[in-house]
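In my numbering, the protein residues as written are 3 to 166.
Glycine included, every Cβ here is placed at the ideal spot set by N, Cα and C.
Note that the structure is a prediction, hence the values are computed from the model and not measured.
Some notes on the structure that comes next.
Right, here's the structure in full:
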């Protein structure tokens with residue numbers, strides 16, 4: 003059974019922007035994502051109507067910037083650093099291990115909503131390379147074996163709730 007995430011309306015936050023013009027598009031997209039965690043199709047359409055822009059234009063701008071996401075984050079949001087220090091220390095192998103283990107590509111969320119994967123250019127933890135963050139908790143000097151263990155630990159935390 004997959005969990006269904008319902009998008010909430012973006013209309014209340016659009017009131018904050020009043021009679022905004024198209025130069026407010028990015029701040030509105032940022033606020034919508036801050037409030038909802040991602041940009042839903044409904045939010046894109048509402049923003050387009052508010053700014054009198056086609057939804058395709060709003061979506062086009064949003065997809066241009068890698069700060070925007072179009073699926074909700076998982077319960078365990080994995081941020082994998084691909085900065086220079088992490089790259090040199092093997093973050094590509096970590097990315098491959100996470101992708102294989104969760105059957106996810108960067109920017110995706112598992113169907114059950116449990117895990118999401120995001121690749122970032124730098125986490126500012128270069129001395130800890132390669133670094134992975136899960137829900138803001140940074141894991142240092144991570145190996146493919148260690149990242150698989152971390153993922154298994156996250157899954158294990160959910161097991162007692164599976165039969166509730």
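Residue 21 and residue 83 have their C-alpha atoms spaced approximately 39 Å apart. Note on geometry: alpha-carbon atoms of residue 44 and residue 13 lie some 10 Å from one another. Inside the segment 110-165, DSSP marks whole beta strand (DSSP E) runs of 3 or more residues at positions 117-122, 134-136 and 139-141, from first to last along the chain. Residue pairing for residue 83: DSSP places it in a beta bridge opposite 122. When C-alpha distances from residue 143 are compared across 137, 157, 118 and 92, the shortest belongs to 92.
Nearest to residue 127 by alpha-carbon distance, out of 139, 117, 120 and 116, is 139. Contact between the segment 70-83 and the segment 111-122 is present, with at least three C-beta pairs closer than 8 Å. With a threshold of 16 other beta carbon atoms within 10 Å, residue 94 falls short and is exposed.
The residues 95, 96 and 99, in chain order, have a CB closer than 7 Å to that of residue 146 in the same chain once the five nearest residues on each side in sequence are set aside. In the three-state reduction of the DSSP assignment, residue 78 falls in the strand class. Counted as a single uninterrupted DSSP element, the alpha helix (DSSP H) harbouring residue 43 occupies residues 43-53. Counting other Cβ atoms within 10 Å of its Cβ, residue 56 stays below 16 and is therefore classed as exposed. Counting only the Cα atoms, residue 72 lies some 23 Å from residue 85.
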